[in-house]
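Protein chains in written order, with the working numbering: chain A, 283 to 715; chain B, 682 to 956.
Virtual Cβ for every residue (Gly too), placed ideally from N, Cα, C.
Scroll down for the structure; my scribbles are underneath it.
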C-alpha cells in the first residue's frame, strides 16, 4: 500500500499546488483584506506619512484643537533654497539673488512680515500685491503636503514644529498613507443604505432569472420532446447557441436588439413610436432585459438536463397513458413532471448558487444601470474593488462584500451536498462517459 | 412518441418564443455582409467593407487584430493543455488510488467548484501585482487554468469511474506497476474524455472575458473578448455593423468547433453539472 500512496501524492501534487496558490491563498487573503483599509491610495505593500488639507479637515472632525491645526497648517515662513529656486523661476534670478543676500535663512512668523520683506527688496521690488502674496506662499514652511518616508522622520518634524506632544499620536495616525487594520468595512456594510439595495437587487435578479430558467427550460424540454427529432434538434440548437457564443458576442446581440438605433426601436418607429433605448430607458426595462439575457442563457442548462431525464422515463408508461385516453396536458402533469422532481430540485439549487455570484452578463449589458437599478451584490463587489468611476479602488471594502458571498456560497454548497447525498456522489458519479 | 398528437401547434408556439433569438442570429449574419439605410432594417447592398478591420492598419491606440487573435489562441490552447494534463493525473488519483483523506479531497473539490470568480478575483488581482504577473498573458493563463481545474478534475473523474476495474486488475496481475497500468491501459480508455475536456476548456478560454479584463487590461495581452469590449465601449462611434463583423470573426471558431464536436461536447455540458 505504501507505494500507492507515493504515486497518489505525485499524481495529486500539481493540482494541490495550483489549488493552494489560486484558491486557498486568495480565499484566505480575501478574508484578511476585508479587515483592512486597503485601496489604490493606500497601496498594497506599505505607506508614507503625508498630511494634506483633507487630512487636516479630518483631524478637525476628530476634535483636534484649533491652535494645533493652525500650527500644522502654518508653521511660519523660512527663506530657504527650495523657495528661492522657485522664486528665481517666477520673478527672475536677480530677485532671488537679492532675496538670498538680504534674508538667507530668515524666518518670519506672520504672513505680513514675509510680504513686507518681499516688498522692501531694493532693486527688484515685487510691486503687485497679488504677486507678492503668491511669492510669500513659496516660502511657507508647513508640515502640509510634505512626504515623510518613515514614522520617525515624521515625528521629528512634529517636534521641530512645536506641535504639542499629546496630539502627536492622532496626527501620525491620520497622516499615514498605507493601509491599516480596521473593522470599518463590516460596520460600513451594515450601515450603508446601498447594501440593502444591492441585496434587494440580488434577490430580484436571482428569483426572476431562476423562475425564467426553470420554467422555460421545462417548457423547452417538454415541447421538444413531443416534436419529431429533426425540428426538436433545430429548436434545441437555437436555444443552445446563447451558451456556446462568447458572452461579449451574445450580449452585443441583445444590445443591437434594444439600442436606440437597434431593431426594436427601428421597427417600432414604422408604427410611430419614438425611438428610445429599450435597455436603459427605465429600471423596469433594464430588469426585463437583464432577466431575458441571463434567462435565455441559463434555460439551455435546464433544457438539456430535463430532456435527458424525460428520455429516461420508460416509454411504456407514456404509451399506456395514451391507450387510457390521457391528453397531452394530463401526460405532462401526471407523468413527466413527477419524474422531473429531482432534476428540477438540482437545477434550482445549482442555479441559485451560480446566479448569486454571476454578474458578467449584467456588466456587459447594463453595467448595473440605469443609476444603480440593476447593480447586484457581486457586481457591486467588482465595482468597488476593481472598477469604479472615482478611480480609488477599495480592495478592503470589496473584499468584505466578497466574503459575504463566500459565506453564503459555502453554506449553500454544504447544504446541497447534504441534500443531494454526498456519499452517493463520491461512490458513484453520475456522469456519462 | 405520441403519434396521437399534432405537432404544428407546438412548432408555432416554439417559433414565437424563439423569435427574438432567431431575429438576432439572422440579422447577425445579414448585417455583417450587407449595408442598409439608417432607418431601415432591410439591406440594400452586399459588402465586405465591415471586415476591413482584418486587413487595414489598426487605429492608433488599438492593438492589431491578428496579434490579438494570436493572444487569444495562445490563451485558450495553453489553458486547455494545462487543465487536461493536471486533471488527467489528479482525477485518476481521486477515482482509483487509495490514499488518506480521499473523501476530504472529493468534498473539497465540489466546494471549490462552487467558488465563484468574484470572491477570488480581488485577491488574485493583488497577488498577481505582487508577483509581477499583472497585465501579462502568462498571469491570466495561470489563473484561468486554475479556476477551470476543479471542473476539469470532476469531469475526468467521471470518465475514469467508467473504466472497468477488470482492465486494471488484469494489468496488475500481469506484473505491471500501477503507473504503467494508468499510462498504457487506462489512459487509452479515457481518451475521448480527455479530448472532450480539451475542446471544452479551449472554448471556455476562447470566450473568457472577465479575467483578461481585470488582470490584463493593457494592449499587449489583449484577447478578442477585451478587444471587442474596448471597441464597443468607445462611444465616439457606435457602429453595430463593425461590432457584428468583429463578433462574427470572434465567434466563428467557436461555432465551427461546436458543430464538428457537438456530440462529444454534449457529454460535458449535460454531465458536468450533475456533480
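If you draw a 10 Å sphere on the C-beta of residue 701/A, you find fewer than 16 other C-beta atoms in it, and that means exposed. Sequence-distant Cβ neighbours of residue 640/A in its own chain, meaning closer than 8 Å and more than five residues away, are 576, 660. Contact fails between the region 553–562 of chain A and the region 471–489 of chain A, because fewer than three Cβ pairs, one in each stretch, are under 8 Å apart.
The criterion of a C-beta distance shorter than 9 Å is satisfied by residue 296/A and residue 767/B. Among the residues facing chain A, residue 708/B is included, as its CB has a counterpart in that chain under 9 Å away. Looking from the CA of residue 727/B, the closest CA among 715/B, 733/B, 736/B, 721/B belongs to 715/B. Looking at the DSSP output, residue 389/A sits in a beta bridge with 360/A.
Residue 495/A: member of the alpha helix (DSSP H) spanning 475–507, first to last residue.
Counting only residues of its own chain and dropping the five nearest sequence neighbours on each side, residue 631/A has a CB closer than 6 Å to the CB of 698.
Interface flag for residue 558/A against chain B is unset, since no Cβ pair is found closer than 9 Å.
Residue environment for residue 601/A: exposed (fewer than 16 other C-beta atoms within 10 angstroms of its C-beta). Contact check for residue 530/A against residue 928/B passes: the beta carbons are separated by less than 9 Å. Residue state for residue 534/A is assigned as helix, using DSSP reduced to three classes. Between residue 757/B and residue 882/B, the C-beta gap is smaller than 9 Å, which places the two residues in contact.
Neighbours of residue 538/A across chain B, judged by C-beta separation under 9 Å: 705, 708, 709, 712, 921, 924, 925. Looking at the DSSP output, residue 463/A sits in a beta bridge with 318/A. C-alpha of residue 364/A to C-alpha of residue 819/B: approximately 46 Å in a straight line.
Remark: three or more beta-carbon pairs, one from each stretch, lie closer than 8 Å, so the region 424–440 of chain A and the region 314–333 of chain A are flagged as touching. The count of Cβ pairs closer than 8 Å, one atom from the region 293–309 of chain A and one from the region 817–836 of chain B, reaches three, so the stretches are in contact. In this structure residue 580/A is buried. Its beta-carbon is surrounded by 16 or more other beta-carbon atoms within 10 angstroms. Note that the region 582–591 of chain A touches the region 491–506 of chain A; at least 3 beta-carbon pairs, one per stretch, sit closer than 8 Å. Counting along the chain, the unbroken alpha helix (DSSP H) around residue 714/B starts and ends at 689–714. Measuring C-alpha to C-alpha distances from residue 469/A to each of 335/A, 316/A, 410/A, 668/A identifies 316/A as the nearest. CA-CA distance, residue 693/A to residue 682/A, rounds to 17 Å.
Residue 727/B is bridged by DSSP to 715/B.
Apart from sequence neighbours up to five positions away, the residues of its chain that approach residue 539/A with a beta-carbon distance below 7 Å are 545, 546, ordered along the chain.
In the three-state reduction of the DSSP assignment, residue 346/A falls in the coil class.
Residue 484/A holds the alpha-carbon nearest to the alpha-carbon of residue 663/A among 484/A, 368/A, 367/A. Neighbours of residue 691/A in chain B, taken as residues at a C-beta separation under 9 Å, are given in chain order as 792, 795, 796, 797, 800.
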